[in-house]
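Data first, discussion second: the structure below is written as structure tokens.
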Amino acid sequence: MESIDALSEKLSDYLEPKQIEQVNKAFEFANEAHSGQFRTSGDPYVSHPIAVANILSSFHMDEDSLSAAMLHDVIEDCGVPKKVIEEQFNKNVANLVDGVSKLDQLNITSRTEVNAENFQKMILAMAKDIRVIVVKLADRLHNMRTIEYLDQEKKKRIAKETLEIYAPIAHRIGMNNVYRELEDRSFKVLYPTRYRELRTALKKNRGSQKRLLNKIKRTLEKKLVDQGIPSYVEGREKHIYSVYRKMKQNNRSFEEIMDVCAFKVIVDNADNCYKALGVVHNIFKPIEGRFKDYISIPKSNGYQSIHTVVIGLDVQPIEIQIKTEEMNEMAENGIASHWIYKMGEGTETNPQQKARRWVADLLEMRDNFESSEEFIESVKTDIFPDEIYVFTPEGEIIQLGEGSTAIDFAYAVHTDIGHHCRACRINRKLAPLSVPLESGQTIEIIIDKIPQTSPAWLNFAATSRARNKIRHYLSNLKTSEARKLGKKLLDQSLGHLNVKLKHLKKDELREALDALGVRSLNRLLEEIGLGKRVGNVVSQQMLSVLNKESNKGDSSILALEITGTEGLVVNYATCCKPIPGDSVIGHFTSSGLVVHQERCKNILSVREDPTQCFPVNWHHELDREFSTDIKILASDEPGLLATMASAITSSATNIESINTQDLDLGHIEFTLTLQVKGRDQLAALIRKLRTLKNILSIHRIHDQEMRQAKTLH
């Protein structure tokens, strides 16, 4: 157990005696308030607030933050009123304690709703004082360090929440030391076997690579000294969960993840970062497409560095990061970097500015969601994005999440630009609004005087901001406007089926409305206009009810969780062969609804047309198999095919067909068509096949090749 005396000595490095006195007073207050209370470990409860304050002291946090750390549980656990804390200390301390303690006070039966509401309260608390989240993260970090004393169910719940919410927040505000430790500790609780295996593999790799890495380090240091660049070099092993995440995302084994180590070159100023880059590239050959300049264009959390991946001395890729001492400090601790000095200067650091901007965006999002669960799920996708950087025609840089489209760009520039967006030019060429953008492109939005916002945009808008603005606009449409838009969409859909709404008889219309579960045509048109129903689905349902179109039955109808699709024939595309677990989209054709992978090249040009496409989801209780293709490259050896077939069938997977092609140098390529229940089964099978001797590479064809197809269906 850490002592208050040891903490006071540590604080004397950067706080004045009077400031330390306030922290000691907060300890005495907490010690008395928590008297007789114990942690699950058996330690006195006050050991926890001391530990939290000790974590904050490593960031040089100010005396109010440290006092709040000491007192953060006295309101909730001891019933001490906020007013008493304000009287004994000051308003800042009282607000910080209140901000942290309020996160757990809602009394709602659904745990999902509790967590969602708490998250919203966290956003509000952060908006008032960003230090609230720093204290909360330190609190969570100590709880994760002592989690072994809890029962299994509680451990799993806390670890999952930490991995999904707190670790990404720490990363988003630049506190990467905290982020890495939270991820690794959560991973250890949730997947103990995988954690142990990876830790052992990394330790073994570290031992075998030690001599080589030291040689690379010495080579870098010598060349930098020769060029007169003040610097030092550090080797860093990537943390366990980041290696696991890379293995999972890329469907690779540990042996195939080659860049598990990285080097940091720390120099004295930004100019020397670029000079050091030249030195690095003179020593080692850079890998094309693996260079990123985060100094000129910082990440959303304020992170600055130059990243380059080069071919090392053993012909393996090595990541090298080049940054200044200040950039390195910011990279590790983000908004908490030497807080006391930054606050004393009266100016905020780049990460602090970025964090406040992010919190303001979250507040704006929060105000436009009807339910807490919808808000938190939206934030989960937005909180940890892979980023791209594109340009306005004037040269302004716009940062977006990977997969963003021109619609996301338009709403990022301004809400009104988004609402009035009619078309776009990418690098001066007209392009569909639904095409995913790439870093470095220049985007021009063509606007119309009349708002163009359409429910179809939700099919391809990728950012939470854009999706939120679209939903908010549609929900605020006047009834007459919604009906007008709904009638236009339904007329278009019926027109494709050679039917006019006005030609339906009253009794026919009534029968169709009853079958659809709506009381009036106006109500139906409103729901279509607001995006609650899809015009194409409604039109086909109406004709199905009225027996004006024969249903071409198919024994392999795909079970999908689509609101109100009864009576539709649903098939899946042969060009991209979607399987459960893939992100999918529905495309209306003359033969019914055809389901594609969401990023299938064949669907990109029509994805934004509400008369042709709409989003769909897989049913959660599917009990059938789907066809998919994989390609395997291997060293040719007698009996290899039999070994592979045995491994596949023992995994309860059927083989539809096998094609082989002999390559040069004793290599052979297999193309297999398999029957699987979804991505999870396929991923498990691929992992199993990778363990076989002589297997060089495996990939799913439709993830890489079939998306290049040019013809539709």
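For the record, in the sequence shown the residue sitting at position 84 is 93 according to the working numbering, with numbers rising by one throughout.
Even for Gly, the Cβ is constructed at its ideal location relative to N, Cα and C.
Are there three or more Cβ pairs, one per stretch, closer than 8 Å when the stretch 60–71 is compared with the stretch 163–178?
-> Contact between the stretch 60–71 and the stretch 163–178 is absent: fewer than three C-beta pairs spanning the two stretches fall below 8 Å.
Pick from N507, S529, L503 that is closest to K515, judged by C-alpha positions | S529
Taking DSSP as the reference, what is the three-state secondary structure of N663?
-> strand
Integer Cβ distance of I156 from I167, believed to fall under 8 Å | 6 Å
Contacting residues, own chain, Cβ-Cβ under 8 Å from V242 (five flanking each side not counted) = K226, L229, E230, L233, F272, K273, V274, I275
Cβ contact check for the stretch 429–437 and the stretch 482–495: 3 or more pairs under 8 Å = no
Thinking C-beta only, is G404 closer than 8 Å to P445?
-> no
F38, enclosing alpha helix (DSSP H) - first and last residue = 26–42
Tell me, please, which residues DSSP counts as bridged to S644.
-> H676
Could you tell me which of Q606, D148, G595, R532 sits nearest to C585, measuring between CA atoms?
-> Q606
Which residue or residues does DSSP assign as beta-bridge partners of Y241?
-> Y241 pairs with I275.
Could you pull the start and end residues of the alpha helix (DSSP H) that L409 belongs to?
-> Counting along the chain, L409 falls outside any alpha helix (DSSP H), though it belongs to the beta strand (DSSP E) covering 406–410.
Consult DSSP for S21 and reduce its assignment to one of helix, strand or coil.
-> coil
Name the one or two DSSP bridge partners that T637 has.
-> L683
Residue of L24, D22, T662 minimising C-alpha distance to E634 = Of the listed residues, the one whose Cα sits closest to E634 is T662.
Range of the contiguous alpha helix (DSSP H) that encloses F196 = 185–199
With burial defined as no fewer than 16 other Cβ atoms inside 10 Å of the residue's Cβ, what is the status of N202: buried or exposed?
-> Per the sequence presented here, residue 202 reads as Thr, with Asn not at that position. Classification of T202: exposed, given that the 10 Å Cβ count is below 16.
Tell me, please, which residues DSSP counts as bridged to E246.
-> C270
When the Cα atoms are used, what is the spatial distance from K686 to L694?
-> 12 Å
Cβ-based neighbour list, A176, same chain, cut-off 6 Å, excluding 5 preceding and 5 following = Y188, L191, E192
Could you pull the start and end residues of the alpha helix (DSSP H) that G538 belongs to?
-> Residues 530–538.
Leaving aside the five residues before and after S50 along the sequence, list all residues of the same chain whose C-beta is less than 8 Å from its C-beta, in chain order.
-> Around S50: T155, Y158.
Excluding the 5 residues preceding and the 5 following I571 in the sequence, name in chain order all residues of the same chain whose CB lies nearer than 6 Å to its CB.
-> Confidence in I571 is poor, its pLDDT being 43 and thus under 50, which makes the residue's placement too unreliable to answer from.
Beta-carbon separation (whole angstroms), G343 vs N99, contact threshold 8 Å | Your pair G343 and N99 does not check out as a contact, with CB atoms roughly 26 Å apart and the cut at 8 Å.
Sub-8 Å separation of V32 and H81 beta-carbons = no
If you run the structure through DSSP and keep just helix, strand and coil, what is F5?
-> Any question about residue 5 goes unanswered here, given that the chain covers just 10 to 722.
Boundaries (first-last residue) of the beta strand (DSSP E) holding E453 | 452–456
If you pair each beta-carbon of the stretch 474–483 with each one of the stretch 643–653, do three or more pairs fall below 8 Å?
-> no
Beta-carbon contacts of E536 that lie in its chain and below 6 Å, excluding the five residues immediately before and after = R542
E95 - DSSP class collapsed to helix/strand/coil | Assigned with DSSP and collapsed to three states, E95 falls in helix.
CB I306 to CB I455, shorter than 8 Å?
-> no
Simplified DSSP state of L207, which is helix, strand or coil | helix
Where the beta strand (DSSP E) through K294 begins and ends | 294–302
Own chain, CB closer than 7 Å to T637, minus 5 neighbours either side, in chain order = K586, I588, L683, V685, L691, R709, H711
Beta carbon of T317 nearer than 8 Å to that of I329 | A contact, by the Cβ cut-off of 8 Å.
Specify, as a first and last residue, the run of the alpha helix (DSSP H) that K332 falls within.
-> Counting along the chain, K332 falls outside any alpha helix (DSSP H), though it belongs to the beta strand (DSSP E) covering 326–333.
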